[in-house]
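Participant: Line order of the protein sequences matches chains A and B. For any residue, its number in the working numbering is found by taking its place in the first sequence, counting from 1, and adding 130. For any residue, its number in the working numbering is found by taking its place in the second sequence, counting from 1, and adding 7. Beta carbons are placed, not taken as given, at the ideal position from N, Cα and C, and that holds for glycine. None of the values given here were measured: they were computed from a predicted structure. To start, I am sharing the structure in question, which I have written as structure tokens.
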Amino acid sequence: MKIVGITACIAGIAHTYMAAANLKKFAKKENCEIKIETQGAMGIENELTQAEIDEADVVIFAVDTTVQNEDRFNEKKILEVGTSKVVKDGKATIQDAIKLAKGE
Amino acid sequence: MSGFKGEMKKLAAYFQTGVSYMIPLVTAAGLLTSIAVIFGGNSVWNETSTIWGNLRLLGQTGLTFIVPMIAAYIAFAIADRPGLAPAFIVGLIASNMGTGFLGGMLVGILVGYSAKWLKKIPMPANLQSVKSLIIIPFLATLIIGLLLIYVIGTPIQAMTTFLTAWLKGMSGANAVLMAGILGAMMAVDMGGPINKIAYAFGMAAFTSGGYQASTAMLMAIGIPPLGMFVATLLGGKKLYSEQEIESGRSALVMGIVGITEGTIPFAVADPVRVIPSIIVGTSLGCAVNGFFGTYQKTALSTVMAIPFSSNWILYTIAILVGVFTVAILTNLLKKFTKSSIESEE
């Protein structure tokens, strides 16, 4: 399964990157391919290409703010959560995303 | 997301986007102004013949962008690019009218939603570029600008004046309570959404001269990370891993420069003991400062604001009360419930 995601918190210095790290960690455990774009205080890093977005089975928005360039994700299945939930329990987020992708 | 609750949640995300773009402005401008006053003295306010006068000029100019910037990026969050320019223009008007932070937020919402609505108006395809480049920015600025100037500006101005008077007049038990609540809110999620609500409230108070509230909020920023640094010092290797002691050192730096997020590694590792401790300690420190009635008029956080506080001894005592409460409480909780930590692992 392929997952892409965006993380963004308010100050853009801690939660953004911790949420990204946690998503990667638990996606690996579930044998999912994952790429996370961070929209933090440094701006957009590790930017997702349109091809990567099109190929993905599901999108995770772990954000407390609004997502920049959200129109890239039209028509995709999107799981929206807050960053602190992902930092606390990344496993549940990945599992929810897999469920959403499978349409359960 | 649907319904009223979904709409409220979205609105919160819009506000938070605005605040997230504004934070670097406040820190850069606040630092410059403060450095100028530290080294140049009070004479910097009226001159630009020295380097300190010019630093003050840079900082002070930056601070005047608080209101336009919050307006612009709230509108940007709602309507994307078309919302940005109109909200900058109308936001600056709001700032000049003295409507403060409240006015900025309202302008952001109004411009954002009107631009979003204008985007939806159907137009022939060959007019699309004209629409996004000319029609939306022009109409949104015109409509919301005039609405602000002729209709809503005066009531918001009155409200801001009222709020300022209320905040300034606050004293005794009320001031202590407000400081305590702001402190607790700043600590509870260490830089998350609740922290930023308190931050926005504190900045709103700051822009309209309610320094008691802004002091409490700003003081709270550094207490959790500093507290955890002291906790690792006091607790040593008995209570903390090598890595946590290392995190404690970076928490010291983050505490001094004012990044509450420095506490997160500790809170993630042991939320049940760390989070209640930082809430209690931060809240207590701010409440003690509220009790003293000490305030400072810069946008600087905890430690960096010490030289500018109205009474630096009392102000420092309040910080220390907060920091040591955090540290001691965390360590006591860790000590007396240590067996359960090990069983968790």
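Please name the residue or residues paired with V193 (chain A) in a DSSP beta bridge.
Facilitator: Sequence index remark: in the first sequence, residue 193 (chain A) carries index 63 (1-based). Per DSSP, A:A138.
Participant: In the DSSP assignment, the alpha helix (DSSP H) including Q164 (chain B) goes from what residue to what residue?
Facilitator: Here residue 164 (chain B) refers to the residue found at position 157 when the second sequence is read from its first residue. Residues G160 to G176.
Participant: Under 8 Å between C-beta atoms, does M148 (chain A) make it to chain B?
Facilitator: Here residue 148 (chain A) corresponds to residue number 18 of the first sequence, with the count starting at 1. Output row for M148 (chain A): interface = yes.
Participant: Is the stretch 212-222 of chain B touching the stretch 162-182 of chain B in the sense that three or more CB pairs, one from each, lie closer than 8 Å?
Facilitator: Taking 8 Å as the limit for Cβ pairs, the verdict is that the stretch 212-222 of chain B does touch the stretch 162-182 of chain B.
Participant: Which residues in chain B have a C-beta closer than 7 Å to the C-beta of G220 (chain A)? List them in chain order.
Facilitator: Locating residue 220 (chain A) in the first sequence gives position 90, counting from the first residue. Neighbours of G220 (chain A) on chain B: none; closest Cβ ~11 Å, over 7 Å.
Participant: Out of B:Y302, B:I271 and B:V26, point me to the one whose CA is closest to L321 (chain B)'s CA.
Facilitator: Within the second sequence, the letter at position 314 stands for residue 321 (chain B). Cα-wise, what sits closest to L321 (chain B) is B:Y302.
Participant: At a Cβ cut of 7 Å, what residues of the stretch 120-132 of chain B count as close to chain A, listed as they run along the chain?
Facilitator: Against chain A - using a Cβ distance shorter than 7 Å - the stretch 120-132 of chain B contributes no residues.
Participant: Below 8 Å CB to CB, which residues in the same chain sit around S350 (chain B) once its five sequence neighbours on both sides are set aside?
Facilitator: Sequence index remark: in the second sequence, residue 350 (chain B) carries index 343 (1-based). For S350 (chain B), the pLDDT reaches just 42, beneath the cut-off of 50, and the residue's location in the model is therefore unreliable, although a value from the coordinates is still provided. Nothing meets the Cβ criterion.
Participant: Verify the CB distance criterion: does I30 (chain B) have a CB-CB separation below 8 Å to chain A?
Facilitator: Locating residue 30 (chain B) in the second sequence gives position 23, where the first residue counts as 1. Interface residue, yes.
Participant: Name, in chain order, the residues that DSSP records as bridge partners for E163 (chain A).
Facilitator: As a first step, residue 163 (chain A) is located in the first sequence; it is residue number 33 there, counting from the start. Assignment of beta-bridge partners to E163 (chain A) by DSSP yields A:K132.
Participant: Helix, strand or coil: how does DSSP classify I271 (chain B) here?
Facilitator: In the second sequence, the residue the question calls residue 271 (chain B) occupies position 264. Three-state DSSP puts I271 (chain B) in a helix.
Participant: What residues in the stretch 176-206 of chain A bring their beta carbon closer than 7 Å to a beta carbon of chain B?
Facilitator: D194, T195 and T196
Participant: Our contact map puts L125 (chain B) next to I142 (chain B) with C-beta atoms below 8 Å; I'd like the distance itself, whole angstroms only.
Facilitator: Numbered from 1 along the second sequence, position 118 holds the residue referred to as residue 125 (chain B). Numbered from 1 along the second sequence, position 135 holds the residue referred to as residue 142 (chain B). Sure, about 7 Å apart at Cβ, within 8 Å.
Participant: Just reading off the beta strand (DSSP E) that I208 (chain A) is part of, what are its end residues?
Facilitator: Walking along the first sequence from the start, residue 208 (chain A) turns up at place 78. Looking at the DSSP string, the run of the beta strand (DSSP E) that includes I208 (chain A) is I208 to V211.
Participant: Report all residues from its chain with a CB closer than 8 Å to the CB of E352 (chain B); omit the five preceding and five following residues, and keep chain order.
Facilitator: Numbered from its first residue, the second sequence carries residue 352 (chain B) at position 345. Note on E352 (chain B): pLDDT 39, under 50, position unreliable in the model; no value is reported.
Participant: Less than 8 Å between the C-beta atoms of T148 (chain B) and P93 (chain B), yes or no?
Facilitator: Within the second sequence, numbered from 1, the residue matching residue 148 (chain B) stands at position 141. Within the second sequence, numbered from 1, the residue matching residue 93 (chain B) stands at position 86. A contact, by the Cβ cut-off of 8 Å.
Participant: Check G105 (chain B) in the structure and name its three-state DSSP category.
Facilitator: For the purposes of this step, residue 105 (chain B) is taken as the residue at position 98 of the second sequence. Coil, per DSSP.
Participant: Check each candidate in B:L99, B:I116 and B:I230 and name the one with the smallest Cα separation from L189 (chain B).
Facilitator: Position 182 of the second sequence, counted from the start, is the residue given in the question as residue 189 (chain B). Nearest option by C-alpha distance: B:I230.
Participant: Taking all protein chains shown into account, do 16 or more other C-beta atoms lie within 10 angstroms of the C-beta of Y157 (chain B), making it buried, or fewer, making it exposed?
Facilitator: Here residue 157 (chain B) refers to the residue found at position 150 when the second sequence is read from its first residue. It is exposed - the Cβ of Y157 (chain B) has fewer than 16 other Cβ atoms within 10 Å.
Participant: Quick one: does K203 (chain B) have its CB under 8 Å from some CB of chain A?
Facilitator: Taking the second sequence and counting its residues from 1, the one referred to as residue 203 (chain B) is at position 196. For K203 (chain B), the answer is yes, since a Cβ of chain A falls inside 8 Å of its Cβ.
Participant: So is Q135 (chain B) in contact with chain A if we call contact Cβ pairs under 8 Å?
Facilitator: Taking the second sequence and counting its residues from 1, the one referred to as residue 135 (chain B) is at position 128. Output row for Q135 (chain B): interface = no.
Participant: Using the beta-carbon of each residue, which ones in chain B are nearer than 8 Å to I208 (chain A)?
Facilitator: In the first sequence, the residue the question calls residue 208 (chain A) occupies position 78. Those within 8 Å of I208 (chain A) in chain B number zero; the least Cβ separation is about 11 Å.
Participant: Using a Cβ cut-off of 8 Å (strictly closer), state whether A84 (chain B) contacts chain A.
Facilitator: Position 77 of the second sequence, counted from the first residue, corresponds to residue 84 (chain B). Yes, contact with chain A.
Participant: Is it right to say K342 (chain B) is buried, meaning 16 or more other beta carbons lie within 10 angstroms of its own, or is it exposed?
Facilitator: For this step, residue 342 (chain B) is matched to residue 335 along the second sequence. Counting Cβ neighbours within 10 Å, K342 (chain B) comes out exposed, since fewer than 16 surround it.
Participant: With distances taken from CA atoms, which of B:F299, B:L155, B:F331 and B:V333 is nearest W319 (chain B)?
Facilitator: Within the second sequence, numbered from 1, the residue matching residue 319 (chain B) stands at position 312. With distances taken between Cα atoms, W319 (chain B) lies closest to B:F299.
Participant: If you measure from the beta carbon of A227 (chain A) to each beta carbon in chain B, is any gap under 8 Å?
Facilitator: Taking the first sequence and counting its residues from 1, one reaches residue 227 (chain A) at position 97. Taking Cβ atoms only, chain B never reaches closer than 8 Å to A227 (chain A), which makes this a no.
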